[in-house]
Amino acid sequence: DNIGEIASAGADTFVAGSAIFGNKDYSATISAMKSAINA
532 DNIGEIASAG ADTFVAGSAI FGNKDYSATI SAMKSAINA
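Each residue of the sequence shown is one higher than the last, beginning at 532 in my numbering.
Right, here's the structure in full:
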């Protein structure tokens, strides 16, 4: 939920196990995370 803010603060490594595997569509979840990081 806050990956964009964390990336903006300078982080470049993220751990998101349950955020990804807790959803049925892994690809969509990862794409959304990448979009949030690059926003």
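Even glycine gets a Cβ: it sits at the ideal position worked out from N, Cα and C.
(request) Tell me, to the nearest whole angstrom, how far the beta carbon of residue 561 is from that of residue 534; I am working on the premise that it is less than 8 Å. (result) With 8 Å as the limit, residue 561 and residue 534 do not qualify as a contact, their Cβ atoms being about 11 Å apart.
(request) Look up residue 569 in the DSSP assignment and say whether it is helix, strand or coil. (result) If DSSP states are grouped into helix, strand and coil, residue 569 belongs with the helices.
(request) Give every residue of the same chain whose Cβ lies closer than 6 Å to the Cβ of residue 565, excluding the five residues on either side of it in the sequence, and list them in chain order. (result) Within the same chain, no Cβ atom closer than 6 Å to the Cβ of residue 565 is found once the five residues on either side in sequence are excluded.
(message) Between the alpha carbons of residue 557 and residue 544, how many angstroms are there, rounded?
(response) In a straight line, the C-alpha of residue 557 is about 18 Å away from that of residue 544.
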